[in-house]
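Numbering (our numbering), first residue to last: 4 to 203.
Below is one structure, written out as structure tokens, with a few remarks after it.
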């Protein structure tokens with residue numbers, strides 16, 4: 004369902020959301036490293052997602068056209084299963100600036116979906132020529148920290164034990180969302196503008 008959008012523009016992106024049990028698993032699995040490395044800005048679990056296309060500053064007047072293009076992008080694209088993969092980082096060696104968890108099951112499908120979205124929205128001049136990497140960002144190095152104390156190798160082996168493994172199981176991806184990012188002093192908040200059902 005579409006929502007009202009305040010203001011004249013928004014900071015937008017298109018993404019796949021994660022179900023509650025997957026978000027809970029990821030938050031619990033990273034508990035020990037989050038506690039030990041507070042020099043990173045850790046993404047809150049309600050903000051976990053797989054970005055398909057970052058739009059940046061988007062005039063409000065462009066949103067109707069973006070909606071139409073997203074409906075076309077998902078038309079005929081079948082729902083698929085997706086699951087979390089191993090931890091990774093950007094860069095992959097040394098002290099990383101971004102910590103993420105990759106995608107295992109569904110990596111090929113979500114990459115194809117991202118390509119569909121990117122090709123469609125390029126018609127509205129929202130293009131991204133960077134190679135797509137299916138992942139869930141969980142932390143970023145603080146701008147105040149010049150040399151984070153966490154190495155890429157430590158991060159890749161840092162996941163702690165969790166009581167339930169349900170969050171590792173594949174979940175069904177049946178829709179994507181157009182989000183707006185609200186920047187706040189305590190961190191960004193991501194709000195869905197509208198969902199688009201795959202195959203619709």
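Each residue gets a CB set at the ideal place from its N, CA and C atoms; glycine is no exception.
Computed from a predicted structure; not experimentally measured.
Closest Cα partner of residue 51 within the set 84, 170 and 157: For the purposes of this step, residue 51 is taken as residue 48 along the chain shown, with counting starting at 1. Minimum Cα distance to residue 51 is reached at 170.
Is residue 196 closer than 8 Å to residue 183 when the C-beta atoms are compared? The count along the chain shown starts at 1 and reaches residue 183 at position 180. The count along the chain shown starts at 1 and reaches residue 196 at position 193. In contact: residue 183 and residue 196 (Cβ atoms closer than 8 Å).
With contact counted as at least three CB pairs below 8 Å, one residue from each stretch, are the stretch 10 to 21 and the stretch 58 to 72 in contact? yes
Output the distance between the C-alpha atoms of residue 155 and residue 100, rounded to the nearest integer angstrom. For this step, residue 155 is matched to residue 152 along the chain shown. For this step, residue 100 is matched to residue 97 along the chain shown. Taking the straight line from one Cα to the other gives about 9 Å.
In the DSSP assignment, what residue or residues form a beta bridge with residue 16? Position 13 of the chain shown, counted from the start, is the residue given in the question as residue 16. DSSP lists 57 and 182 as partners of residue 16.
Nearest to residue 65 (by Cα), restricted to the options 143, 126, 194 and 135: Locating residue 65 in the chain shown gives position 62, counting from the first residue. Out of 143, 126, 194 and 135, 126 has the C-alpha closest to the C-alpha of residue 65.
Enumerate in chain order the residues of its own chain whose CB-to-CB distance from residue 185 is below 7 Å, with the five nearest sequence positions on each side excluded. Looking up residue 185 in the chain shown gives position 182. Answer for residue 185: 191, 192 and 194, listed in chain order.
Is residue 119 buried or exposed, if buried means 16 or more other CB atoms sit within 10 Å of its CB? Stepping through the chain shown from its first residue, residue 119 is reached at position 116. Burial call: buried.
If you count every other CB in all the chains shown that lies within 10 Å of the CB of residue 202, and 16 or more means buried, which is it? For the purposes of this step, residue 202 is identified with residue 199 of the chain shown, where counting begins at 1. That one is exposed.
Assign residue 77 to one of three DSSP states: helix, strand, or coil. Residue mapping note: residue 77 aligns to position 74 of the chain shown, counting from 1. The answer is helix: DSSP assigns residue 77 an H, G or I state.
Output needed for residue 27: all residues of its chain with C-beta closer than 7 Å, excluding positions within five of it in sequence on either side, in chain order. Locating residue 27 in the chain shown gives position 24, where the first residue counts as 1. Cβ neighbours of residue 27 beyond the five flanking positions: 48 and 170.
How would you write the range of the beta strand (DSSP E) that residue 126 sits in, first residue to last? On the chain shown, residue 126 is found 123 positions in, with the first residue counted as 1. Counting along the chain, residue 126 falls outside any beta strand (DSSP E), and DSSP gives it neither H nor E.
Just to confirm my understanding: we take residue 107, look at its own chain, exclude 5 residues before and 5 after, and list those with CB closer than 6 Å. What are they? Here residue 107 corresponds to residue number 104 of the chain shown, with the count starting at 1. 86 and 88.
Grab the span of the alpha helix (DSSP H) containing residue 197 for me, first residue to last. For the purposes of this step, residue 197 is taken as residue 194 along the chain shown, with counting starting at 1. Counting along the chain, residue 197 falls outside any alpha helix (DSSP H), though it belongs to the beta strand (DSSP E) covering 192 to 200.
Do you know whose CA, among 78, 92, 137 and 90, lies nearest residue 19's CA? As a working note, residue 19 is residue 16 in the chain shown. Of the candidates 78, 92, 137 and 90, the one whose C-alpha sits nearest the C-alpha of residue 19 is 137.
How would you label residue 81, buried or exposed, when you count the other beta carbons within 10 angstroms and need 16 or more for buried? Counting from 1 along the chain shown, the entry for residue 81 is found at position 78. By the 10 Å Cβ count, residue 81 comes out exposed.
Thinking C-beta only, is residue 35 closer than 8 Å to residue 163? Counted from its first residue, the chain shown places residue 163 at position 160. Counted from its first residue, the chain shown places residue 35 at position 32. Their beta carbons are under 8 Å apart, which means residue 163 touches residue 35 by this criterion.
Take the Cβ of residue 109 as the centre, count every other Cβ of all protein chains shown within 10 Å, and call the residue buried at 16 or more, exposed below. Numbered from 1 along the chain shown, position 106 holds the residue referred to as residue 109. With 16 or more other Cβ atoms within 10 Å, it is buried.
With a threshold of 16 other CB atoms inside 10 Å of the CB of residue 23, please say whether the residue is buried or exposed. Along the chain shown, one-based indexing puts residue 23 at 20. Residue 23 comes out exposed.
Hey, residue 43 and residue 130 are a contact pair by Cβ (cut 8 Å); roughly how many whole angstroms apart? On the chain shown, residue 43 is found 40 positions in, with the first residue counted as 1. On the chain shown, residue 130 is found 127 positions in, with the first residue counted as 1. 30 Å between Cβ atoms; not a contact.
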